[in-house]
Amino acid sequence: LYATVNLMFWNIAGQPQFYMLHRPYFNGADGMILVFDITRSSTFSNINNWYSAAVKYGLSAIPRILIGNNAHIKRERKIILPMAEHLAEKLNAHYYETSTLSGENIKEAFEKIAEEIYRAQDPIKPIKNRKLIIKPYQGELIEIPDEIPSQGGEKQYSFYEKEDSFLKYISKKFGGLYHPNIPRSIFEKEKKKKKKKKKYQQKEKAKLEKEKKKKEKEKYQRDLFEILKGKKR
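Residue numbering for the sequence shown follows full-length UniProt numbering, beginning at 1 and increasing consecutively.
Below, the structure written as structure tokens:
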């Protein structure tokens, strides 16, 4: 028997200026993935804050997994395995250490959260004889710039602090997952600005190429004229 679980991931922005946007994305959540970087103690400390926020929005009973990312950077490790396992036990969550470089445990972690969500939705039916097919939501990956200009002129920083962030890696791996953390108008504005800038650069490049060809043609005509002039003499 096969059971298909459609997964849609919502990556919640952690900056204070985005707190007001959290409620719509917590509401209706069926599962929770808590991610920290094993090389950064601050991200590990923040796990309790994120879990408390989830509890605040009534999500204490939903399935959850704890993920320690960047497992391949062993020399810079700050969070040792017993610490992570203790927190996972405290949160009643399965624990996985993943690597965005090698893909280690990525599939296993998502299969587990899919299984737990499926089990929670239909706890009566046994899952042992069912094979789960992970079918991620094929949406659009919104690339968030490092700095987003606000209306007041101050800079707001995106939630992508690292190029190898866990959910960004997952988004690319599974064909683009939708991360609607910030009003789409911001990104549309940035997209239009980039498109306009690119169009201007292409126009300027074409203009320079045209001027270059014109100068080369004029030089060729002058040289040819000088040659013909010399022959007449």
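Using N, Cα and C, we set each Cβ at its ideal position, and we do this for glycine too.
Taken atom to atom, the span from the alpha-carbon of W10 to that of P63 is near 15 Å. Cβ neighbours of A29 within its own chain (closer than 7 Å, five residues either side excluded): L59, I62. Y57 places its beta carbon less than 8 Å from that of F26.
Rounded to the nearest whole angstrom, the CA to CA distance from E216 to K74 is 58 Å. Restricting attention to alpha helix (DSSP H) runs no shorter than 4 residues, the stretch 17 to 59 encloses them at 22 to 26, 41 to 56, ordered along the chain. No Cβ-Cβ contact shorter than 8 Å links T98 with I79. Residue pairing by DSSP places E97 opposite G68 in a beta bridge. CA-to-CA, the gap between V5 and A114 works out to about 6 Å. The beta carbon of D223 is closer than 8 Å to none in its chain, skipping five residues each way along the sequence. One Cα belongs to R40, the other to N69, and the distance between them is close to 10 Å. Sequence-distant Cβ neighbours of E116 in its own chain, meaning closer than 6 Å and more than five residues away, are P63. Under the rule that a run must span 3 or more residues, no beta strand (DSSP E) segment is found entirely inside the UniProt region "Disordered" (188 to 218). Shown here for D37: same chain residues with a beta carbon closer than 6 Å to its own, the five before and five after excluded, namely T43, N69, N70 in chain order. Taking a 10 Å sphere around the C-beta of I227, we find fewer than 16 other C-beta atoms and assign the residue as exposed.
Exclusion of the five residues before and after A88 leaves L66, Y95 as the residues of its chain whose Cβ lies within less than 6 Å of its Cβ. I47 is the residue among K210, I47, E211, F110 whose C-alpha sits nearest the C-alpha of E85. Residue G31 holds the alpha-carbon nearest to the alpha-carbon of Q121 among M8, G31, K212, K214. Burial check for K112: the Cβ neighbour count within 10 Å reaches 16 or more, so the residue is buried.
About 6 Å separates the Cβ atoms of S102 and H72, confirming a contact at the 8 Å cut-off. Rounded to the nearest whole angstrom, the C-alpha separation of P82 and M8 is 31 Å.
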